[in-house]
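In this note's numbering, the protein residues as written are 3 to 224. Backbone N, C-alpha and C fix where the C-beta goes; we use that ideal spot for every residue, glycine too.
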Amino acid sequence: MSRHGEAHEPGKQGKQGKHGERGKHGASGEFRETSRYVFSYEPLGAPEPGTSAAATERDRRDAEVGAFLNHVAELAFEAGPKGLELRSVDVAARTCAFRQEREVDPRPPVRAPGEEPGGAVLLGSPSWAHLAHLVGELPFLFSFREYGPEGGPELRGVDAPTREWADVLVEHRGEPWRVRVALEGRERPVEFPGMEIGELFGEGDHRRFLLDGTTDVLDAGV
């Protein structure tokens, strides 16, 4: 369902790669250094008939990025209760950074009955849980490259300088944008951010959500 209430079928999503094995990780001091994660993948297999080399390479990259973001989300869910909260994600470099908060948020993630750990979280959850779920959902954005008259944006990363909000960093038609996502005080859970961001740009009306006093920050209620 589109954000304007119209049903649609998003474009074909890239094949998802396997998660790499998790290396040992830990923290000392304030753990403000950026940690790098390296993954290994199984071959994607033979491309479908009529698939160009560029499309095959894009699918391979999408699979790697999707696996990386899923792993970062898992790490964020594990580290959040210890006060280590995700600070940033760089898709191109495949790096992420955490910060050590002075006070651990004591609230546990709130989930729907039967929801598995690492899945969707409901209102009342700590901001780090909303952020972790947001990161894990962003690979769905790849399905919206051909959506609408303008096409969807390319994902570049995530910037979360505060517990209050995070910016999803994207590029659309050569222009960089920051899509702001509230992490505290939300009126609804973070549900389908990849779809909402893809539709926002694909429909061509993203500029009307420009945050006052900024030139590249969009606040569309994602």
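Whole-angstrom distance between F79 and L88, CA atom to CA atom:
9 Å
Looking at the secondary structure, which residues open and close the alpha helix (DSSP H) in which D64 lies?
A55 to A81
Between the alpha carbons of V106 and G85, how many angstroms are there, rounded?
5 Å
Could you have a look at E173 and say whether DSSP puts it in helix, strand or coil?
strand
Have a look at the DSSP bridge pairing and note the partners of W179.
V172
Identify whether Y43 lies in helix, strand or coil by the three-state DSSP scheme.
Note that Y43 has pLDDT 33, beneath the 50 cutoff, so the model's placement of it is unreliable and no number is given.
Between E23 and E177, what straight-line distance do the alpha-carbon atoms span, to the nearest angstrom?
Only weak support exists for where E23 lies, its pLDDT of 37 falling under 50; the value from the coordinates is given anyway. Between E23 and E177, the C-alpha separation is close to 35 Å.
Where does L202 sit, in a helix, a strand or coil, going by DSSP?
helix
Cut-off 7 Å between Cβ atoms - residues of its own chain near R209, not counting five sequence neighbours on either side:
none
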